[in-house]
Amino acid sequence: MKRHSKISPVAILGVICLVAFVLGIVVMTVPTFKFQDRVRGRLQQAGFLPPSLPLYQKPIAPPDRVTARRLMVASLHDALARGDYEQAAMLNAVLSQEAFQRAHRALKAWETARDPETGLIPHATSPFYNAWDSEDVAADNFPHLLIASIYLDSDGQSAWLDTLASERAFCGDLACRVDLDTDTIVEQDLDVRIFGTSEYVKDGLLAVAERFGPGPWFDRMSEGVDAILDAAYVETQAGPIPSNGTEANGELLQVLSRLYWATGDERYLQMAERIAEAYLFEVFPNNQGLPADYWDFQAQCPLREDERFRPDAESVAQTEPFRLVDHGGEIIPGLTELYFVERAQNRPRADRYRGPLRQFLDRIIVTGRTDEGLWYNSVNVETLVPFDDNLADTWGYILNGYQTFDLAEGTDRYAAEIERAMRAAATKRSINWEGNLQDGYADAIESMLYLLPWFDISECRQWVDDEIEVLFLKQRDDGFVEGWYLDGNFVRTALMYAQYKTQGVMLDPWQEDVRVGAALDRADGVLYVHLAAEGNWQGRLRFDTPRHRTFWRMPTEYPRLNGSPEWYVVEPEAMYRVTNLDTGDVWTHSGQELAEGLPVTLGGAHPHLLRFMVSQK
């Protein structure tokens, strides 16, 4: 009698895994494989391949949507048009509450993703992406969760400060990548760590310092920059600089300028000047007046795209790209921030930089733009032809540089072009700023918010109020947005928008069922504030201060990337009249007292509503 051998389930599973492994290798390495997309999808569903990122995306809400929020926005702008600032403050309170709540929901969602051993958070919530990295997680997600916790969740703030301390304990002075499965540092080349640290300090830690001034985030930022200064290795005619990449150097120009303002440490200014010398007098003259993504300072010619930083670059293996969107565009505000320092302090290099910098700005203003005045993502430097039709969602980052230059010069040379671009952006409704990613909306709206304090254009204000709904509708019911590091930019823009609606007035402590909104009568300099609670609340209502001076020691405000616009600020030494609009009672407070917070009780024996106006005496 024949015996039929039994094949164990373990062996069958092993064969299946082997086949899946082989198919996975084929799919990942053979781009011409006929059924690549279909097989990849099946293997991803089965858990054999990492899922594509982002993990999930809601569709872009249509431009003709009919929502209750849209009706509220229309009522708000009707009220502003007729000068009814009390009504506008009430409606702004509702809008700010929604924005704060959405940021808070994202914060609480990401609390569940924190690694229990290290306190660090992963690149994405899928186990396939269980790593902390400096250029994405540390730069774009963590800092905005920390900011949200300080504003909205004082009980959870210490946990996010522990994350900062944990990152420092793992990485040392230069930022790093941590494998959260093994709790070990992933080895990286020096230039990669410099790049990651530049991202971390500029997009991450600088954003926290802009809002809260000195603190462990400021110390960590200074430490990271000091390490970059010590590690600078790219030789130029002006001396060694940290990188041959325009993104890293542009970011560092911004951080170095602000650190110099705050500390007066000449080392920061010297390195910033060295970077500026390299671009104004080496790169631009040898590259048709434009930067390249990467530059060979020995051969004085562009380098190829570095695939370690941008593996899916549209111009890999080409030598002539310049990205106007996001990363490559960092050099524009970077150079103008340094020029602002030089001019404000009457330093001799201001005159040396003025001509080539203005020539560069004039070149950018006619390069890679649409007829309306927006910019394309990237252009071929030799032909000036865009690589594609995608618009730069970071158009405002570029224009920050132009406004900063004008403020340094005391002119309005570029004002008309700035307004033209703002009005062009305000015509874009429910478009694919960055494919279907929510980050495109987060950046485009952030761009407008940076410029509104300088250019109060009614259709641009209404565009922000309307289009941010498209961003908000991207959020899932569980609080996550797309389940990866760019959720942090959702939180960033939600908080920026909320503070626009409160004109910088903040609840302390924040409570979900309490709402505050404000509207400024610019003509009379009167701020109308609306505060309401569904339940009981006791705390302080804190007013914003001129942080550019109190934190950074700058002589005047100017638009800054990763900054927090100053909407209505109180001067600490000035006196202010606070008038209760319901009772007519009038109180007098110093700006310092308003900054420390007006004590307020809502509910119980007190009304659940408080309406007042603030004006300087």
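For the record, in the sequence shown the residue sitting at position 62 is 153 according to this note's numbering, with numbers rising by one throughout. For each residue, glycine too, the CB sits at the ideal point set by N, CA and C.
*Expressed to the nearest angstrom, what Euclidean distance is found between the alpha-carbon atoms of E552 and L577?*
The residue given as residue 552 occupies position 461 in the sequence shown. The residue given as residue 577 occupies position 486 in the sequence shown. For the sequence presented, residue 552 should be read as Arg rather than Glu. Roughly 25 Å between the two C-alpha positions.
*Identify, in the order they occur along the chain, each residue of the same chain with its Cβ nearer than 6 Å to the Cβ of L700, setting aside the five sequence neighbours on each side.*
Residue 700 sits at position 609 when you count from the first residue of the sequence shown. Here the set comprises A623.
*Please report the Cβ distance between P656 and Y541, rounded to the nearest whole angstrom; I am assuming they are in contact, meaning their Cβ atoms lie under 8 Å.*
As a working mapping, residue 656 is identified with position 565 in the sequence shown. As a working mapping, residue 541 is identified with position 450 in the sequence shown. That pair is a contact at about 6 Å.
_Euclidean distance between Cα positions of G626 and G694_ = As a position in the sequence shown, residue 626 is number 535, starting the count at 1. As a position in the sequence shown, residue 694 is number 603, starting the count at 1. Rounded to whole angstroms, G626 to G694 spans 6 Å at the Cα level.
*Would you tell me roughly how many angstroms separate the C-alpha atoms of G304 and F642, rounded to the nearest one?*
Here residue 304 refers to the residue found at position 213 of the sequence shown. Here residue 642 refers to the residue found at position 551 of the sequence shown. Taking the straight line joining both Cα atoms gives about 5 Å.
*Given that a residue counts as buried once 16 or more other Cβ atoms are within 10 Å of its Cβ, and exposed if not, what is L281?*
In the sequence shown, counting from the first residue as 1, residue 281 sits at position 190. By the C-beta density criterion, L281 is exposed, having fewer than 16 other C-beta atoms within 10 angstroms.
*Measure the alpha-carbon distance for T209 versus P145 and round it to whole angstroms.*
Position 118 of the sequence shown holds residue 209. Position 54 of the sequence shown holds residue 145. Taking the CA atoms as reference points, T209 sits about 24 Å from P145.
_Contact set for P402: own chain, Cβ-Cβ below 7 Å, skip 5 residues either direction_ = As a first step, residue 402 is located in the sequence shown; it is residue number 311 there, counting from the start. Confidence is the limiting factor: at P402 the pLDDT is only 45, short of 50, which leaves the residue's position unreliable and the question unanswerable from this model.
*Can L586 and A194 be called in contact, C-beta distance under 7 Å?*
On the sequence shown, residue 586 is found 495 positions in, with the first residue counted as 1. On the sequence shown, residue 194 is found 103 positions in, with the first residue counted as 1. Yes. Within cutoff.
*asked:* Give me the residue from V299, E314 and A298 with the minimum Cα distance to T288.
replied: Against the sequence shown, residue 288 aligns to sequence position 197. Of V299, E314 and A298, the residue nearest in Cα terms is E314.
*With respect to the beta strand (DSSP E) encompassing E621, which residues constitute its N-terminal and C-terminal limits?*
In the sequence shown, residue 621 corresponds to position 530, counting from 1. It is His, not Glu, that sits at residue 621 in the sequence shown. That run of the beta strand (DSSP E) goes V617 to A624.
*Verify whether the separation of the beta carbon atoms of R644 and W352 is less than 7 Å.*
Here residue 644 refers to the residue found at position 553 when the sequence shown is read from its first residue. Here residue 352 refers to the residue found at position 261 when the sequence shown is read from its first residue. Yes, the pair counts as a contact, with Cβ atoms nearer than the cut-off.
*Leaving aside the five residues before and after K565 along the sequence, list all residues of the same chain whose C-beta is less than 6 Å from its C-beta, in chain order.*
Here the question's residue 565 lines up with position 474 in the sequence shown. Excluding its 5 nearest sequence neighbours in each direction, K565 has C-beta neighbours in its own chain below 6 Å: K149, Q529 and V572, listed in chain order.
_Under DSSP, the beta strand (DSSP E) around P153 begins and ends at which residues?_
As a position in the sequence shown, residue 153 is number 62, starting the count at 1. That residue, P153, is in no beta strand (DSSP E); it is neither H nor E in DSSP.
*asked:* Measuring only the C-alpha atoms, how far is H697 from V669?
replied: Translated into the one-based positions of the sequence shown, residue 697 becomes position 606. Translated into the one-based positions of the sequence shown, residue 669 becomes position 578. Between H697 and V669, the C-alpha separation is close to 18 Å.
*For the region 581-597 and the region 669-684, state whether three or more C-beta atom pairs, one from each stretch, are separated by less than 8 Å.*
no
*Presumed contact (8 Å Cβ cut-off) between F703 and N671, rounded CB distance*: Taking the sequence shown and counting its residues from 1, the one referred to as residue 703 is at position 612. Taking the sequence shown and counting its residues from 1, the one referred to as residue 671 is at position 580. F703 to N671, Cβ: 5 Å. Contact.
*Quick one: measure Cβ to Cβ for N335 and F388, integer angstroms, because I've assumed they're closer than 8 Å.*
As a first step, residue 335 must be located in the sequence shown, where it is residue number 244. As a first step, residue 388 must be located in the sequence shown, where it is residue number 297. Correct: roughly 7 Å between the Cβ atoms.
_Residue burial classification, D556 (beta-carbon count within 10 angstroms, cutoff 16)_ = Translated into the one-based positions of the sequence shown, residue 556 becomes position 465. When all chains shown are included, D556 counts as buried.
*Is it buried or exposed for K293, if we count other Cβ within 10 angstroms and need 16 for buried?*
On the sequence shown, residue 293 is found 202 positions in, with the first residue counted as 1. Buried, because 16 or more other Cβ atoms sit within 10 Å of the Cβ of K293.
*asked:* Looking at the strands, I want to know which residues DSSP matches up with P234.
replied: By 1-based counting over the sequence shown, the position of residue 234 is 143. Looking at the DSSP assignment, P234 forms no beta bridge with any residue, so it has no partner.
*In angstroms, rounded to a whole number, what distance separates the CA positions of S245 and T427?*
Taking the first residue of the sequence shown as 1, we reach residue 245 at position 154. Taking the first residue of the sequence shown as 1, we reach residue 427 at position 336. Spanning the two alpha carbons is a distance of roughly 37 Å.
*Opening and closing residue of the beta strand (DSSP E) in which R680 lies*: Reading the sequence shown from its first residue, position 589 is the one you call residue 680. It should be pointed out that residue 680 corresponds to His in this sequence rather than to Arg. That run of the beta strand (DSSP E) goes V677 to S681.
*Which partner residues does N671 have in the DSSP bridge list?*
As a working note, residue 671 is residue 580 in the sequence shown. N671 pairs with F703.
_Beta-carbon gap between D676 and G630 smaller than 7 Å_ = Within the sequence shown, the letter at position 585 stands for residue 676. Within the sequence shown, the letter at position 539 stands for residue 630. The Cβ atoms of D676 and G630 lie no closer than 7 Å to each other.
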